[in-house]
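Trainee: Quick note: the sequence shown uses our numbering, first residue 2, plus one each step.
Built from N, CA and C at the ideal position, the CB exists for glycine as well.
Quick one: the structure is below, and I'll ask about it shortly.
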Amino acid sequence: DSHLATALRTIVILLFSWLIVFIAGLLPDIHQLSFNTWIFLILSGLATGFSWLCYFKALQLGNVNKVTPIDKSSTILTMIFAMIFLGEQITMIKIISILCIAIGTYMMIDKKENVKKVKDNTWLIYALGSAVFASLTAILGKVGMQGVESNLGTAIRTAVVLVMAWVLVF
2 DSHLATALRT IVILLFSWLI VFIAGLLPDI HQLSFNTWIF LILSGLATGF
52 SWLCYFKALQ LGNVNKVTPI DKSSTILTMI FAMIFLGEQI TMIKIISILC
102 IAIGTYMMID KKENVKKVKD NTWLIYALGS AVFASLTAIL GKVGMQGVES
152 NLGTAIRTAV VLVMAWVLVF
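Dropping the structure here:
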């Protein structure tokens, strides 16, 4: 089950992320986090969890060579969202980059004759969901990580993903 796989994978990530927090001596910093920081870290963690769940479900249902490029197209969405929500500048090089990534993504998922045929396109919905949630992870994480050491923020976000994943398993 893809949900169980995500939940088990998240346990390993959680253990390592909190180990880094303890080794770096960052645990006392947790008391200094603002309410807004907690909200955005939790939202970023939820977006991460949904992204992982969608990605693994898409992999379970579809071909890797089609699912992965769509998931990685989250780079395009992130750049667009950063321009809209974070006010990052739109430059010609960014527009050209977005177009190149989009063309490359299309070329990777274009129909190939030697690929195992998948009867149902449900994988596509999950792959697109993975890309959208991965993009939201970056945008929400950017806001939530202001003034937070990245390892501590990652550990908190991963705890949210773990809870979310196990709720879905049960």
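If contacts are defined as beta-carbon pairs under 8 Å, then T11 and L54 qualify, I think. What distance do you get, rounded to the angstrom?
Mentor: Wrong, their Cβ atoms sit about 10 Å apart, outside the cutoff.
Trainee: Looking at the unbroken alpha helix (DSSP H) that takes in S131, where does it start and where does it end?
Mentor: T123 to G145
Trainee: Just confirm the distance between the C-beta atoms of T138 and S18, as a whole number of angstroms; I'd bet it's less than 8 Å.
Mentor: T138 to S18, Cβ: 15 Å. No contact.
Trainee: Compute the distance between the beta-carbons of I99 and P70, then report whether it is under 8 Å.
Mentor: no
Trainee: What do you get for S35, buried or exposed, if any count of 16 or more other CB atoms within 10 angstroms of its CB means buried?
Mentor: exposed
Trainee: Shortest alpha-carbon distance to L78 belongs to which of A135, L5, G148 and H4?
Mentor: A135
Trainee: Could you have a look at A83 and say whether DSSP puts it in helix, strand or coil?
Mentor: helix
Trainee: Please report how far the alpha carbon of A128 lies from the alpha carbon of I85, in whole angstroms.
Mentor: 23 Å
Trainee: Leaving out five residues before and five after A103 in sequence, what residues of the same chain have Cβ atoms less than 8 Å from its Cβ?
Mentor: S74 and I77
Trainee: Out of Y107, G88, V13 and W124, which has the shortest C-alpha to C-alpha gap to Q61?
Mentor: W124
Trainee: Within a Cβ cutoff of 7 Å, which residues of the same chain sit near L47, ignoring the five residues on either side of it in sequence?
Mentor: V161 and M165
Trainee: Excluding the 5 residues preceding and the 5 following L5 in the sequence, name in chain order all residues of the same chain whose CB lies nearer than 8 Å to its CB.
Mentor: V170
Trainee: Are G145 and T38 closer than 8 Å when you measure CB to CB?
Mentor: yes
Trainee: Going by other Cβ atoms of all chains shown within 10 Å of its Cβ, with 16 needed for buried, is F23 buried or exposed?
Mentor: exposed
Trainee: Can you tell me whether DSSP reads L41 as helix, strand or coil?
Mentor: Going by the sequence as given, residue 41 is Phe instead of Leu. Residue state, collapsed to three classes: helix.
Trainee: Give me the Cα-Cα distance between M80 and K143, rounded to the nearest whole angstrom.
Mentor: 12 Å
Trainee: Name the two residues that bound the continuous alpha helix (DSSP H) containing N66.
Mentor: V65 to K73
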